[in-house]
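Chains as they are written, first to last, in the working numbering: chain U, 1 to 328; chain S, 1001 to 1328; chain D, 2001 to 2328; chain E, 3001 to 3328; chain P, 4001 to 4328; chain H, 5001 to 5328.
We put the CB at the ideal spot given by N, CA and C, even for glycine.
Keep in mind the model is a prediction, meaning the values are calculated, not measured.
Number of protein chains: 6
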Amino acid sequence: MNLPNADCDVITFGETMLRLTPPGLQRLESAVQFEAHVGGSESNVAVGLARLGLRVAWLSRLTLNPLGRQIAAALRAQGVDTSLVIWTEQDRVGLYFLEEGKAPRGSQVLYDRAHSALSRITPADLPPDLFVAGRSRVLHLSGITPALSPNAAQTARTAAQQAREAGWLVSFDLNYRANLWSATTAAQGLESLIQNAHVIYLPLRDAALLYGMPPEPEKTLVGLQARFPGKIIVLTLGGRGAAAIQPSGDPVFHPGFEAEEVGRVGGGDAFVAGFLFAYLQSQELTQALQWGNAAAAFKYSIPGDMPLFSRAELEKLIHSGGDQSLKR
Amino acid sequence: MNLPNADCDVITFGETMLRLTPPGLQRLESAVQFEAHVGGSESNVAVGLARLGLRVAWLSRLTLNPLGRQIAAALRAQGVDTSLVIWTEQDRVGLYFLEEGKAPRGSQVLYDRAHSALSRITPADLPPDLFVAGRSRVLHLSGITPALSPNAAQTARTAAQQAREAGWLVSFDLNYRANLWSATTAAQGLESLIQNAHVIYLPLRDAALLYGMPPEPEKTLVGLQARFPGKIIVLTLGGRGAAAIQPSGDPVFHPGFEAEEVGRVGGGDAFVAGFLFAYLQSQELTQALQWGNAAAAFKYSIPGDMPLFSRAELEKLIHSGGDQSLKR
Amino acid sequence: MNLPNADCDVITFGETMLRLTPPGLQRLESAVQFEAHVGGSESNVAVGLARLGLRVAWLSRLTLNPLGRQIAAALRAQGVDTSLVIWTEQDRVGLYFLEEGKAPRGSQVLYDRAHSALSRITPADLPPDLFVAGRSRVLHLSGITPALSPNAAQTARTAAQQAREAGWLVSFDLNYRANLWSATTAAQGLESLIQNAHVIYLPLRDAALLYGMPPEPEKTLVGLQARFPGKIIVLTLGGRGAAAIQPSGDPVFHPGFEAEEVGRVGGGDAFVAGFLFAYLQSQELTQALQWGNAAAAFKYSIPGDMPLFSRAELEKLIHSGGDQSLKR
Amino acid sequence: MNLPNADCDVITFGETMLRLTPPGLQRLESAVQFEAHVGGSESNVAVGLARLGLRVAWLSRLTLNPLGRQIAAALRAQGVDTSLVIWTEQDRVGLYFLEEGKAPRGSQVLYDRAHSALSRITPADLPPDLFVAGRSRVLHLSGITPALSPNAAQTARTAAQQAREAGWLVSFDLNYRANLWSATTAAQGLESLIQNAHVIYLPLRDAALLYGMPPEPEKTLVGLQARFPGKIIVLTLGGRGAAAIQPSGDPVFHPGFEAEEVGRVGGGDAFVAGFLFAYLQSQELTQALQWGNAAAAFKYSIPGDMPLFSRAELEKLIHSGGDQSLKR
Amino acid sequence: MNLPNADCDVITFGETMLRLTPPGLQRLESAVQFEAHVGGSESNVAVGLARLGLRVAWLSRLTLNPLGRQIAAALRAQGVDTSLVIWTEQDRVGLYFLEEGKAPRGSQVLYDRAHSALSRITPADLPPDLFVAGRSRVLHLSGITPALSPNAAQTARTAAQQAREAGWLVSFDLNYRANLWSATTAAQGLESLIQNAHVIYLPLRDAALLYGMPPEPEKTLVGLQARFPGKIIVLTLGGRGAAAIQPSGDPVFHPGFEAEEVGRVGGGDAFVAGFLFAYLQSQELTQALQWGNAAAAFKYSIPGDMPLFSRAELEKLIHSGGDQSLKR
Amino acid sequence: MNLPNADCDVITFGETMLRLTPPGLQRLESAVQFEAHVGGSESNVAVGLARLGLRVAWLSRLTLNPLGRQIAAALRAQGVDTSLVIWTEQDRVGLYFLEEGKAPRGSQVLYDRAHSALSRITPADLPPDLFVAGRSRVLHLSGITPALSPNAAQTARTAAQQAREAGWLVSFDLNYRANLWSATTAAQGLESLIQNAHVIYLPLRDAALLYGMPPEPEKTLVGLQARFPGKIIVLTLGGRGAAAIQPSGDPVFHPGFEAEEVGRVGGGDAFVAGFLFAYLQSQELTQALQWGNAAAAFKYSIPGDMPLFSRAELEKLIHSGGDQSLKR
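Following this line, the structure appears as structure tokens:
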């Protein structure tokens, strides 16, 4: 797919929240301090792409209060254009509480995102002249937005369709969230978005849950190729790397990089950023998987939600294949 | 009014939130850390009364998640009985963000309490056999609850009426909140609750806003005496102490104690706790004002929402009239 | 053993201290900040049982100062009844400093508990009408108390004997502390308490140190069965789970759950809470070991001394047998 | 002066440093923790103007390392365009250590800015096509830059001259720093910059030190009017407000707003931002002084170097003339 | 009095504790973090004198554990010789908890110093060859030591007597502590130490409490001159400076310096250090009072117990008479 | 080699910096807080030796400001004599920023040490009568100093030569730093220092980089024995322990101790301290390697740069060979 030049490389669309985490692995229930981070799947992708050198904007709806301003400022700090944000005096800023845990107590997420400004967005809120050729080359969105509310789902579908019609590449991360909707509802709710997408990402586990695919990555890719013809399908495999398939090609695979887990949240978003960055440059799936895996591994070592790496750091990781040890 | 013995001295009813405050007078907008406190007008009163030695329970509706459990635990720690809490898997725990500021930037409150569990309470949620003689001697509630939602208002009115009918003393803090409703709506919405109350508290400023009273405390008390016959009316005067009037008596006044402002939030609730404690013991307004003022002043010197004083500390303040200096 | 109904399920008796720990694995010697936790073997058990749903009270003697009040408040927060605490103006609140370390520098405990209020307790301080049928079903105590002072030892022995006579189950954790007394003195000092106990807990290592038992769990259990006839004997095996034996039964064993070590202190107390909870419900040793091991593993992942888990979390761990991973 | 339209409203030019401050009024000498802030006179002005709604860019030279990136990110977060920054692999990022103190120990600044990237800038580093009509309406710089090094001085002079020639308004804050150069050297070194400026700002104290002006504001303004004909001269008067004079007008004065001192550093820069914002809108000195004073007072209540206020907050302060108290 | 040369200028003798303070004016009772400081009246004096340039050693008895080592390290860091410390494996390190408060809640001290190593010192522990001519010029001790225990009192008396006999100047701060002993007991217990002292310090308040002196400083000085003939008597007057009298001279007075209270603890010790430093240099009471007051005022602005000033800072304060404002 | 008695056991010479590290594995780029540590290779060695019981002084040049004073105080606290420090009003205190990371993002060092006081030292600054017999027994220096500047290199060479001529043992850690100079330049620049040394230390990796040695430790030791005749050569092997060789002996080896990595920086310096301590006592290489390895392993478990262990702790590690587990 040849993407024409545009004012911007990528626009991502979705909800970003303020995350509140107790320090030192404390339980939420007894926490008297919280560390705040700004995080959202699609803005994490935007940050990763901006740090890798692309021109990126983030489209969303935010309540105009100090929490909303903090979110926009944090994204601007990372080089993301926030001029597309639709500000409102209504609704609220989504929050989530993350209790970080170690085995056998795993990390736990308590969402407090209901009634957020983005959950109240409607297609009429979308800027009327946004989805035109020359404005951007790519639209990226995820399966969280349609799970927020029917009107948010409708807005996401409208955006994807209009972007596709404008000749942009549509990139779609399924991002199934079990505590927002069931697998069956999700599979149905995501159908139209997938149809408008050119690239879709999902973990092997969700391919099984939503589409009944088998546990083998290769079979799953071939199965999804049949189920969603004409798409590039990217499958993440947990600690075992990632795999992908072209509409009429064979599965390709990259085993990933080792990482110690410092900040697991946002690893999948970092993967998408790395993948998309390399794919836009090379149109080559194996290289895109390599960059996606490098970005995810590097993110795992960074606290917070955002992938605060540089292009040079990922290049170094890819070339060395390992740890970047202390040099004084 | 003679109050019969009961299993419990006071039950307070209302919403308690988790408060999030940036440390060091930072702006909310750029905060990366928050300190958490548990606070709510009626539970603050409960804590104050429990620390002064009364048997106190707190009635509310809370979402059963780590934040809800934190609230209940914090109240139990202070000796408040939380067995009346109505737990639900639905809704959310109310939050508020407090940006502490110095002049000319004052402290600012950002409420995030919409859709909370208490805002969804209905009269049917009230324990069926609660409001009976012998269960408690006093019910305390405030004008925040009716501002949350129509059904919360209905529940508060039901509680006040049933408590009055059961022979309990009904104590009601008007607690007008300008960012929850307008003065006109509030005056109307509070009417029924005031009618069921035996004691009502309000600041001079709100007597003007809601009832068009003049700026002089004495005139206001006399005016309110006429407007709300049969009630004990307690008027707080900001830094100038407090005044009160019996249904057919003359205004009495106490000038208050000096305090450096460390934690202004909750000062009014501490006043109510001190007032109610002394009034239940002595049935005497001047002494009740003195204890109310001592409690408020002491609270001003304590961070957070809750009045973490002891009876001995307030006695010492009342007897000395001033600072309790460093003794080693 | 059939336990009759009572006002309370379990009373635990022992000393609770304020723990002070430097953050970030710093050395005590150069620490300029300390994090405070409330911890004591028997109150940790009380907290665990209360969080699992039992009615629990804690019996102790505490100095009436802010540190003593902090301890009582922390236990009340977790649902433990503190109305049995014997308050005194004398003596001091026990402290301990914990330096958390990694290999080869292990964690180190500096006790500063001499002259504490509990070390000065005498049998005359015990509430005269406490140890009667119907007041509680279980008394739990540990071998730390007799190590504190002769009068504390005498008080523990009195309590155990009276509880047994009142028909309560007596649960006794040997809890040998090498820096409080020698193995020989301990074996002698604990004899009377063990004789009054129905259930005793000890680690394999201490069975060797105090009673010369062999390193094999099975042989040790059989040996202790002979040495202490008529007791349920529970043996913890470090990272290898736990084992137990009925007075005339055969050893049973449970291999335990994997855990990453976040807060090792209090793991043994959590085990006792889990064991006792399940045993009281099922009278079944294998299930009790399973719950004890789940409770201990879960506690290992929680900072501080107290086992801040819920019944649902332990059930989930027992049913899944592993990590409870991040779900968003 | 009529300013034509341009792509940008204001460009500020100068050095920005990382500030390191011990928390809690500790002495630098015994600090084991530092709080970091991004601060620089000219970037503080840029931030203030951006937050008031203008389009602002910051021109500087920065070492491309994590500290340099932190500085640029912090400015972008506040809406300042950093695309003009000249990045270099050489030199270092300027630092300053601020020990905050109370009387009699005042706050103390330890500069560690020698050899910074900006001190090594030369006129050749300036973008060749920057100083042209239509690119910006205003250039703001300060007297710190010429104090850093001869080549930095030469670069500042070049920039001021080219901006003037391009028809921009040149705004110049004398910002005399006694620990960078002497008053005599400063007076001489600033001469050419003042000659190219349209608006100059200085405190009364420095008018005396550098130009031998008398202690009376009016006489100083008239004296400076004569000494620097054709300039708007703005005089700050410490806690007593500010005064100004047009090239051929009479002195005007505004008494300022009261403030509690939370963050004194950056108050002068906030003043410049407020003044310039209002002057560009109204071309009216009294109003500009009022906005300058409001901005300075508001900044005094904000920690750190940057003026994190909004236009609405300053408007509210100007209209009310005082504290913005707690409203819930 | 002519003091011969010696290896050391001043030896101070007394107890030093670890202080634990909750941050942010929190109550001790609800603190979950503590900041640690090293403080003791006599070691504070030692630190002040060392920082002013004298050669100073500190004599004490300390338990050899991490807390004892922290105390010694903190004093060495400030240039105090700790080689005279008598280390023991026994006893404990004294602690004190300081709750910092604002009016009406004042700061409160909770001592936990009973059973400390110094309280168990006996005269036999004193180094046998310490109190000889040429070893030091001055011994400083305070009235806290005799309040700790009878044997500590006996040791202090022995030290004072031997130092006097060796021709050293004996400096004695009465330091009456109401929560260690009563005024009557103290007056009696301090008598022998005062008799061996050449210089004594006490606040006006304690002159009234212990010796029934009138509230006027001049009358008190003259009264004490008669009561304790042959001594230099130094009287501190709270916020109103200090006064002193020679054995046969007239009272002299210095009004003190203004200070904002950041760290009030240790102000009296700083006064003694400033006084003694100037007196040893000038033998002149007025100058000594001036330095004492400057040292006390400067200490008030410094967190913690130790007077972390420099000689240059005190000189600057004395010469300017006021605040040392921010200069950049 | 027989070392005569002296006033001091070891003098170490080199630069010490203030280290600034973001807490919680955050990126430097987004850090808003920093933890400060005092660290320098040669002062780390001094601290280690002082804590093991030797008399140690540190020779350096420091700027007389709060940062310089903090460095000297931190070393005095650990028992290091700082009276040899050459104080200057000029230059600056070296800093370094350490970003601690986990794989694949390794820890990264950002040096900010250019233009430091030590980099400006000249041989003329050395105390004229320092390098004489009886003043010290050992001089320790490292290869960092000659990398700082030509004059620092000249000063290091002068010191080493004079110490050798005075009959001291000269101990030299090559400490090659790739971001200060290249391997070729380093090999040349260190030649003269090595010639004056009696003992040299280097990692296997640098033996390859600087001298082209093979990857086998034994071959490298033999190769270096030939290359640098007459020296004791000590080779560190990363996680595999260390090896050494006498001028005419055979290689000896010690496998090291396991450690979890808490504070890797300063591990090599701890090794040198342990080695030198044991070698000075025993003149025996195997024992010296054992102590060096124990010291390095123990340091790995301690945050910060300085080896805060005791002699007893290392002895215990050496005798047990493993973890020192929690005992209560």
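Query raised in the report: Excluding five sequence neighbours on each side, which residues of the same chain lie with their C-beta closer than 7 angstroms to the C-beta of G3040(E)?
Result: Locating residue 3040(E) in the fourth sequence gives position 40, counting from the first residue. Counting only residues of its own chain and dropping the five nearest sequence neighbours on each side, G3040(E) has a CB closer than 7 angstroms to the CB of G3014, E3015, T3016, M3017.
Query raised in the report: For the alpha helix (DSSP H) that D1305(S) lies in, which residues bound it at each end?
Result: For the purposes of this step, residue 1305(S) is identified with residue 305 of the second sequence, where counting begins at 1. First-last for D1305(S): undefined, no H or E at that position.
Query raised in the report: So, helix, strand or coil for T1012(S), using DSSP?
Result: Residue numbering aside, residue 1012(S) sits at position 12 when the second sequence is read from its first letter. Residue state, collapsed to three classes: strand.
**Report entry** Interface partners of R1113(S) on chain E, CB under 9 angstroms
**Finding:** Within the second sequence, numbered from 1, the residue matching residue 1113(S) stands at position 113. By Cβ distance, chain E contributes nothing, its closest Cβ being about 11 angstroms from R1113(S), past 9 angstroms.
Requested in this report: State yes or no: is the beta carbon of S3041(E) nearer than 8 angstroms to at least one beta carbon in chain S?
Outcome: Here residue 3041(E) refers to the residue found at position 41 when the fourth sequence is read from its first residue. No - not a single Cβ of chain S is within 8 angstroms of the one on S3041(E).
Requested in this report: My understanding is that Q1290(S) touches H1319(S), with C-beta atoms under 8 angstroms, so please give their C-beta distance in whole angstroms.
Outcome: In the second sequence, residue 1290(S) corresponds to position 290, counting from 1. In the second sequence, residue 1319(S) corresponds to position 319, counting from 1. 11 angstroms between Cβ atoms; not a contact.
Requested in this report: Measure from the C-beta of L210(U) to each C-beta in chain D and report whether the shortest distance is under 8 angstroms.
Outcome: One-based indexing of the first sequence puts residue 210(U) at position 210. No, L210(U) lies away from the interface with chain D (no Cβ there is under 8 angstroms from its Cβ).
Report task. Measuring alpha carbon to alpha carbon, tell me which of G4267(P), R4027(P), D4091(P), E4042(P) ends up nearest L4237(P). Result -> For the purposes of this step, residue 4237(P) is identified with residue 237 of the fifth sequence, where counting begins at 1. Taking only the C-alpha atoms, the option nearest L4237(P) is G4267(P).
Report task. Give the residues from the stretch 5076-5089 of chain H that approach chain B closer than 8 angstroms (Cβ to any Cβ), ordered along the chain. Result -> Absent from the structure: chain B. Protein chains present are U, S, D, E, P and H.
Requested in this report: Compute the Euclidean distance between the alpha carbons of A4183(P) and Y4176(P), then round it to the nearest angstrom.
Outcome: On the fifth sequence, residue 4183(P) is found 183 positions in, with the first residue counted as 1. On the fifth sequence, residue 4176(P) is found 176 positions in, with the first residue counted as 1. Whole-angstrom Cα-Cα distance: 8 angstroms.
Requested in this report: Answer yes or no: do V5093(H) and V5047(H) have a C-beta to C-beta separation smaller than 8 angstroms?
Outcome: The sequence position of residue 5093(H) within the sixth sequence is 93, counting from 1. The sequence position of residue 5047(H) within the sixth sequence is 47, counting from 1. For V5093(H) and V5047(H), no; Cβs fall outside 8 angstroms.
Report task. Could you pull out every residue in the same chain whose Cβ sits closer than 8 angstroms to the Cβ of A72(U), ignoring the five residues on either side in sequence? Result -> One-based indexing of the first sequence puts residue 72(U) at position 72. Excluding positions up to five away in sequence, the list reads L62, T82, V85.
Query raised in the report: So, is the C-beta of A1259(S) closer than 8 angstroms to a C-beta in chain P?
Result: For this step, residue 1259(S) is matched to residue 259 along the second sequence. Yes, A1259(S) lies at the interface with chain P (some Cβ there is under 8 angstroms from its Cβ).
Requested in this report: For K3327(E), count neighbouring Cβ atoms within 10 angstroms of its own Cβ and tell me buried if that reaches 16, exposed if not.
Outcome: The count along the fourth sequence starts at 1 and reaches residue 3327(E) at position 327. Caution is warranted here: a pLDDT of 43 is assigned to K3327(E), below 50, making its placement in the model unreliable, and the coordinate value is therefore given only provisionally. Counting Cβ neighbours within 10 Å, K3327(E) comes out exposed, since fewer than 16 surround it.
Query raised in the report: Span of the alpha helix (DSSP H) holding Y2279(D)?
Result: Counting from 1 along the third sequence, the entry for residue 2279(D) is found at position 279. Looking at the DSSP string, the run of the alpha helix (DSSP H) that includes Y2279(D) is 2267-2282.
Query - Segment limits, alpha helix (DSSP H) that includes F228(U) - result: On the first sequence, residue 228(U) is found 228 positions in, with the first residue counted as 1. No alpha helix (DSSP H) contains F228(U), which DSSP labels as neither H nor E.
**Report entry** CB contact flag (Y956(S), G1263(S), <8 angstroms)
**Finding:** No information on residue 956(S) is available, as it lies outside the stretch 1001 to 1328 that chain S covers here.
Query raised in the report: Exposed or buried, which one is K2219(D) when buried takes at least 16 other CB atoms within 10 Å?
Result: On the third sequence, residue 2219(D) is found 219 positions in, with the first residue counted as 1. K2219(D) should be labelled exposed.
Query raised in the report: How would you list, in chain order, the residues of chain S whose beta-carbon sits under 7 angstroms from the beta-carbon of P3303(E)?
Result: Sequence index remark: in the fourth sequence, residue 3303(E) carries index 303 (1-based). Within chain S, the residues near P3303(E) are G1024, L1025, Q1026.
**Report entry** Partner residues on chain H for S3282(E), Cβ-Cβ distance less than 8 angstroms
**Finding:** Position 282 of the fourth sequence holds residue 3282(E). Here the premise fails: no neighbours, minimum Cβ distance about 37 angstroms.
Query - Close beta carbons around Q3324(E), own chain, < 8 angstroms, minus the five adjacent residues each side - result: Reading the fourth sequence from its first residue, position 324 is the one you call residue 3324(E). Low local confidence applies: a pLDDT of 43 at Q3324(E) is under 50, so the model's placement there is unreliable, with the coordinate-based value given in what follows. E3313, K3316, L3317, listed in sequence order.
Requested in this report: Would you decide whether Q4026(P) is buried or exposed? Buried here means 16 or more other CB atoms lie within 10 Å of its CB.
Outcome: Along the fifth sequence, read from residue 1 onward, the residue named residue 4026(P) stands at position 26. The residue is buried, with at least 16 neighbouring Cβ atoms inside 10 Å.
Query - Listed by chain order, chain P residues near V2032(D) by CB distance under 7 angstroms - result: Counting from 1 along the third sequence, the entry for residue 2032(D) is found at position 32. Near V2032(D) (Cβ distances below 7 angstroms), the residues of chain P are E4035, A4036.
Query raised in the report: Taking 8 angstroms as the CB-CB limit, is N179(U) close to chain S?
Result: Looking up residue 179(U) in the first sequence gives position 179. No, N179(U) lies away from the interface with chain S (no Cβ there is under 8 angstroms from its Cβ).
**Report entry** Interface partners of A2073(D) on chain S, CB under 9 angstroms
**Finding:** Sequence index remark: in the third sequence, residue 2073(D) carries index 73 (1-based). In chain order: R1076, A1077, Q1078, G1079.
Requested in this report: Evaluate D2206(D) with the Cβ neighbour count: other Cβ atoms within 10 Å of its Cβ, from every protein chain shown; 16 or more gives buried, anything less gives exposed.
Outcome: Stepping through the third sequence from its first residue, residue 2206(D) is reached at position 206. Buried: at least 16 other Cβ atoms inside 10 Å.
Requested in this report: Following the continuous beta strand (DSSP E) through A1242(S), name the residue where it begins and the one where it ends.
Outcome: Position 242 of the second sequence, counting from 1, holds the residue named residue 1242(S). Start and end: 1242-1245.
Query - Runs of alpha helix (DSSP H) wholly within the stretch 5137-5222 of chain H (minimum 4 residues, chain order) - result: 5145-5148, 5150-5165, 5183-5196, 5204-5211
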